[in-house]
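Colleague: Could you have a look at this structure, given as C-alpha cells, before my questions?
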Amino acid sequence: MNKIKTLADLTRIKEEYLAKSQDTERKGVSKGKICIKVHMGTSGIASGAREIHEFLSVELEKRNIDAVVVRTGDMGYCFAEPTIEVTLPGEEPLVFGNVDKLRADEIIEKYIKNGEFVEGTIPVNYQTIN
Amino acid sequence: MVKYRKQILVCSGAGCKSKQGEEIIDNLKLELEALALENDINVIKTGCFGLCEMGPVVKIIPDDVIYIKVSPEDAAEIISQHIVKGQKIDRLIHVDPVTKKKVSGSSDMAAYKKQIRIVLRNCGIIDPENIDEAIAHDSYLALGKVLKEMKPEEAIKIISDSGLRGRGGGGFSTGLKWKLAFESKSDEKYVVCNADEGDPGAFMDRSVLEGDPHSVLEAMAICGYCIGSSNGLIYIRAEYPLAVARLKTAIQQAREYGLLGKDIFGSGFNFDIEIRYGAGAFVCGEETALIHSMEGLRGEPTVKPPFPAESGYRGKPTNVNNVETFACISPIILKGASWFSSIGTEKSKGTKVFALAGKINNVGLIEVPMGTTLREVIFEIGGGIQYGRKFKAVQTGGPSGGCLTEKHLDTPIDFDNLIAAGSMMGSGGMIVLDEDDCMVSVSKYYLDFTVEESCGKCSPCRIGNKRLHELLGNICKGNGTLADLKRLRNMSLVIKDTSLCGLGQSSPNPVLSTLDNFMDEYIAHVTDKKCPAGQCRDLMQYFIIPENCVGCTACARVCPVNAITGERKEPHLINHSICIKCGACLEKCKFDAIIIK
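From first to last, the protein sequence lines stand for chains A and B. Each residue of the first sequence is one higher than the last, beginning at 1333 in the working numbering. Each residue of the second sequence is one higher than the last, beginning at -9 in the working numbering.
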C-alpha cells in the first residue's frame, strides 16, 4: 500500500473513495446504490444485529436488489437496538429501530422497494458538525 | 413505483406523544378516509425528531416540510390545504426568532435540535474497519494539518483556547495538561489513552472505540507531536473484546498507510501506538494507578505530585487523556478553537456524551452541548421515565458522583454546576431512578462497588468504606439508629479528606448526597423501620386482607416455604416467621388480597 506523505495524498484517497463508493457522503446525498448500514457495536450485536446483517445480505441478493450492506458501530440508540440505516438514492438516510427479521422484511418490501415509510423510524434528532 | 403520493410523518417521541400526538394521527387518518385518500397518502408514527419544544411535530414527505406545534384540530387543514391543494400552512411553520425567517425544511430545522454530535460524529456512520471510509470522513486531516502547518506550541494553543476539559471525570484543562507535558524535558515521553471505562452504566468510550477508532488514534498522534512523544499506549479493559479487535485493525491499517510509524506525512515525526490490557479494576482509571498497571505493577495509585506530566510511565513524562477527550481533538483542529468554545457554557466548552441508563425510556448514548438542563436530557431526549412513573433522582458520575433530584432538573449541566449540586460529571453515566428506588439501597449499591474496587492501599478507603457499607446494610435491615446517620456523615467526611486517590476521596459521595437530598428516607428506615420505596426486603411484610381473600388457596399453593395457611373458602394467613418475602403470593393473587406493609 502506498504511504501517505502529503495532505494531497490524503485528499486523493478521500476523493477516490467517495467516487467509487456507493456510500453516502455525510450530508446524506446518495450516489446511486442503495446503502444499508447495520449498527454493530457490542450492544447492537448483543441484540441480534449480526443476524440482521446476514438476513439483509442474503435476502437483498435473493430479491435482486442492488444494495450494499455495511457494518458500522452503534449510534447510541440502545433502547431500539438492533438499528439499521437505509439510504435510498437521492434520499436522506433513514434509521429504523427494533429491527427483527419480520421488520427487516417489511423494510425491504415497503421502504426499499416503494419508498414507503414503516413504523419504528428514528429521525435524525441531532445536529451534525459539517 | 411509489405506492403513496405523499407521506405524513407524525412524531411519537415522548414529548410529542404527551401533547396529543396520537390524536393527531387518528384525525389525519379520519380526514384522509373522508376524502378517500387513504390509499394515496400514508400516515406513519416515527421516533423523536429532537424538536420536542416545538412539538408535536409533523413532517410531510417528499415535500420536506416540517410543521410545529400541531394540534389534533389542525389535521383537517393539513389535509385540505397541504395535501389536497399543495399549499404550505404558514401558521404551523417555525419562524426563527432572530432572522424572522420561516423555516420548514429538515436541514434548516436541524439547528434547533438539542443534540450535537462531535465526539459521536462518525459512530454508526462509517465502517470502523475501513480506513478509507474514515479518511473520506476527514480522519487524519487534522493530523496532516498539524504536522505540515503548525508548531507544537501552536496546536497546543488551539486546544487551550478551545476550552476543552478532560472528559474522564476531573475536568482538567486538556490544553494545560499538554502544555505541562510539552514543557517537561526528557528523551522519551508517552501519550496514554485511558480507555479503562469503569463507571457502572457508562459506555461512551466503548462506543467511540467500536464506531470510530481512527478518531482516537489520530488525536493521540497529534498529542504525541504536540508534547514531543513518539510512543502511544492505549490502556483498555479486556472486557471490551470488540473494541480491542477494531482498535487493532485500525492501528494496522493506519500503519499500512504510514499514518502511524516512522516519518508520518513526510514530516520526520515518528509515532506508534500499542495496546495495553486492563483487567477491569475501577481504580486503574485513576491515572497514576493506570500507569503502574501498565508497568506491570499492582494497580495502585500514588501521591501526586509528581504528576504524570513530569514523571509517569517508566518515570518519563506522560500525558493521559480519556477516549472522549481525544475524540474531540480533530474537530477542534479542523474547525478552530472559537468554533468549539462557542458551544457550551462559560467554563465548560463543547459537548458531552451521556450514557442514559436505568428507569428511562430511551436508554442509550446522547451528546448534548454543555449547559443543557437535566430536564431536557431526561424528559425530552431521554423520553421520560419508564411506565409513566415519577422521577426521583438521577445518579451522575458513577460511584464517585452523587444524585441530583427534582430541584436540580433545571440546572444547566456542566462541570462546575454538577459539583455545586453535590455530584460530578464523571465520565457521563446517568442512572435514572424512579419512585420505586430506595435511596439507602442505592448508596449501599455504590458502596458495594467501592468496597470491592478499593485497592486497599490506604486505610480510610479500605476500612472506612467497609464500615460505611456495614452501617448502610444495618439501616436497610432496620437495625440502624439516628446516631448511625450522624456516624455515616462524619465517617464519609473523614474518608473524603484523608484518602490517597480520587477513588477514596469520592467514594462517600453517594452517601453524602443521598443524606443531603433524601434524609427523610433514611429517617424512615431508622425510626419507623420502613422503606418508603418498598425495596428493602427486611423492612417489609406481606399481609392478607381478610375481607378481600376468598380462600382460593392459590397463594398457599405457590408459597415455596409453606408460610400461608388457611381453610378452603376461608381467609388465609401468612406466618411471618416462616415467610421469606419472595413475593410469589402477591403475583398469584387475583383478588388484590395481599399487600406489602
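Note that the Cβ used here is the ideal one computed from N, Cα and C, for glycine as well. Everything numeric in this text was worked out from a predicted model, so none of it was measured.
On a CA-only basis, which of Leu346(B), Thr363(B) and Leu437(B) is nearest Pro389(B)? Give me that one, please.
Modeller: Per the Cα distances, Leu437(B).
Colleague: In this structure, what does DSSP give as the bridge partners for Glu357(B)?
Modeller: Beta-bridge pairing links Glu357(B) to Val343(B).
Colleague: For Val181(B) and Phe330(B), I'd like the C-alpha separation in whole angstroms.
Modeller: About 23 Å.
Colleague: If you draw a straight line from the alpha carbon of Ala345(B) to that of Ile106(B), how long is it in whole angstroms?
Modeller: The straight-line gap from Cα to Cα measures roughly 15 Å.
Colleague: Asp1406(A) versus chain B: which residues are under 8 Å apart at the beta carbon?
Modeller: Per Cβ cutoff of 8 Å: Cys113, Gly114, Ser197, Glu200, Gly201 and Leu355.
Colleague: Check Tyr57(B) in the structure and name its three-state DSSP category.
Modeller: Residue state, collapsed to three classes: strand.
Colleague: For Val55(B) and Leu(-1)(B), which I take to be in contact (beta-carbon distance under 8 Å), what is that distance rounded to the nearest angstrom?
Modeller: That belief does not hold up - the Cβ atoms of Val55(B) and Leu(-1)(B) are roughly 11 Å apart, past 8 Å.
Colleague: With burial defined as no fewer than 16 other Cβ atoms inside 10 Å of the residue's Cβ, what is the status of Val1390(A): buried or exposed?
Modeller: Flag for Val1390(A) reads exposed.
Colleague: With distance defined between alpha-carbon atoms, name the residue in Leu490(B), Ile224(B), Ala24(B) and Ile375(B) nearest to Gly454(B).
Modeller: It is Leu490(B) whose Cα lies nearest to the Cα of Gly454(B).
Colleague: Take every Cβ of the region 192 to 200 of chain B, pair it with every Cβ of the region 138 to 153 of chain B, and state whether three or more of those distances are shorter than 8 Å.
Modeller: The region 192 to 200 of chain B vs the region 138 to 153 of chain B: no contact.
Colleague: For Lys1433(A), tell me which candidate among Leu1350(A), Glu1424(A), Glu1413(A) and Thr1460(A) has the shortest Cα-Cα distance.
Modeller: Of the listed residues, the one whose Cα sits closest to Lys1433(A) is Glu1413(A).
Colleague: What would DSSP say about Phe172(B), mapped onto helix, strand or coil?
Modeller: It is helical.
Colleague: Below 8 Å on the Cβ atoms is my contact criterion, and I expect Gly1429(A) with Gly1452(A) to pass it. Report the Cβ-Cβ distance as a whole number of Å.
Modeller: The pair is a contact, with the Cβ atoms about 5 Å apart (cut-off 8 Å).
Colleague: What residue range is occupied by the uninterrupted alpha helix (DSSP H) comprising Arg(-5)(B)?
Modeller: Unbroken run through Arg(-5)(B): none, as it is neither H nor E.
Colleague: Within 8 Å (strictly less), CB to CB, does Pro500(B) reach chain A?
Modeller: So no, Pro500(B) is outside the interface.
Colleague: Using 10 angstroms around the beta-carbon of Thr395(B), count the other beta-carbons present and answer buried if the total reaches 16, otherwise exposed.
Modeller: Classification of Thr395(B): buried, given that the 10 Å Cβ count is 16 or more.
Colleague: Could you confirm whether any beta carbon from chain B is found closer than 8 Å to the beta carbon of His1385(A)?
Modeller: Taking Cβ atoms only, chain B never reaches closer than 8 Å to His1385(A), which makes this a no.
Colleague: Under 8 Å between beta-carbons, which chain B residues line up against Tyr1349(A)? List them in chain order, please.
Modeller: Chain B residues near Tyr1349(A): Asp122, Glu123, Ile125 and Ala126.
Colleague: Would Asp240(B) pass as a contact of Pro203(B) if the rule is Cβ separation under 8 Å?
Modeller: Here residue 240(B) turns out to be Ala, not Asp, going by the sequence shown. Yes; because the gap between Cβ atoms is below 8 Å, this pair is in contact.
Colleague: Excluding the 5 residues flanking Val484(B) on each side, which residues of the same chain have their C-beta closer than 8 Å to its C-beta?
Modeller: Once the five neighbours on either side are set aside, the close Cβ partners of Val484(B) are Pro450 and Gly454.
Colleague: Can you tell me where the alpha helix (DSSP H) with Arg107(B) in it begins and where it stops?
Modeller: Looking at the DSSP string, Arg107(B) is not in any alpha helix (DSSP H), and its letter there is neither H nor E.
Colleague: Please confirm if Thr36(B) has its CB atom under 8 Å from at least one CB of chain A.
Modeller: Yes, Thr36(B) lies at the interface with chain A (some Cβ there is under 8 Å from its Cβ).
Colleague: Can you list the residues of chain B that Leu1339(A) reaches, using a CB-CB cut of under 8 Å?
Modeller: Ordered by position in chain B, the residues that pass the 8 Å Cβ test against Leu1339(A) are Leu131, Gly134, Lys135, Lys138 and Phe255.
Colleague: Within the region 94 to 149 of chain B, note down every full alpha helix (DSSP H) run reaching 4 residues or more, in order along the chain.
Modeller: Counting whole runs of 4 or more residues, the region 94 to 149 of chain B contains the alpha helix (DSSP H) stretches 96 to 99, 121 to 126 and 131 to 139.
Colleague: Once the 5 residues before and after Met530(B) are set aside, which same chain residues still bring their CB inside 7 Å of it?
Modeller: Once the five neighbours on either side are set aside, the close Cβ partners of Met530(B) are Cys521, Gly524, Lys571, Ile586 and Lys587.
Colleague: By DSSP, does Gln1459(A) sit in helix, in strand, or in coil?
Modeller: Three-state result, Gln1459(A): strand.
Colleague: With His1385(A) as the anchor, note down where its alpha helix (DSSP H) starts and where it stops.
Modeller: Taken as a continuous stretch (DSSP letters only), the alpha helix (DSSP H) holding His1385(A) covers Ala1381 to Lys1394.
Colleague: Check this for me: beta carbons of Pro321(B) and Ile58(B), under 8 Å apart or not?
Modeller: In this structure, Ile58(B) does not lie closer than 8 Å to Pro321(B) by Cβ.
Colleague: Between Ala26(B), Pro52(B), Asn565(B) and Ser444(B), which has its C-alpha nearest Arg288(B)'s C-alpha?
Modeller: Of the listed residues, the one whose Cα sits closest to Arg288(B) is Ser444(B).
Colleague: Quick check: Arg593(B) and Thr308(B), are their CB atoms within less than 8 Å of each other?
Modeller: Coverage of chain B is limited to positions -9 through 587, which leaves residue 593(B) absent and any answer about it impossible.
Colleague: Which residue marks the beginning of the alpha helix (DSSP H) containing Thr440(B), and which one marks its end?
Modeller: It spans Met429 to Glu443 - the alpha helix (DSSP H) in which Thr440(B) sits, taken as one unbroken run.
Colleague: Could you check whether the Cβ of Ala240(B) sits closer than 8 Å to any Cβ belonging to chain A?
Modeller: Not closer than 8 Å to any Cβ of chain A, the Cβ of Ala240(B) fails to qualify, so no.
Colleague: Does Phe381(B) have its Cβ less than 8 Å from a Cβ in chain A?
Modeller: So, not an interface residue.
Colleague: How far does the beta strand (DSSP E) with Asn1430(A) in it extend, from its first residue to its last?
Modeller: First-last for Asn1430(A): undefined, no H or E at that position.
Colleague: How many angstroms separate the CA atom of Ile375(B) from the CA atom of Phe369(B)?
Modeller: Their Cα atoms are separated by approximately 7 Å.
Colleague: Which value, in whole angstroms, describes the spacing of the CA atoms of Asp80(B) and Lys486(B)?
Modeller: Those two C-alpha atoms are separated by around 59 Å.
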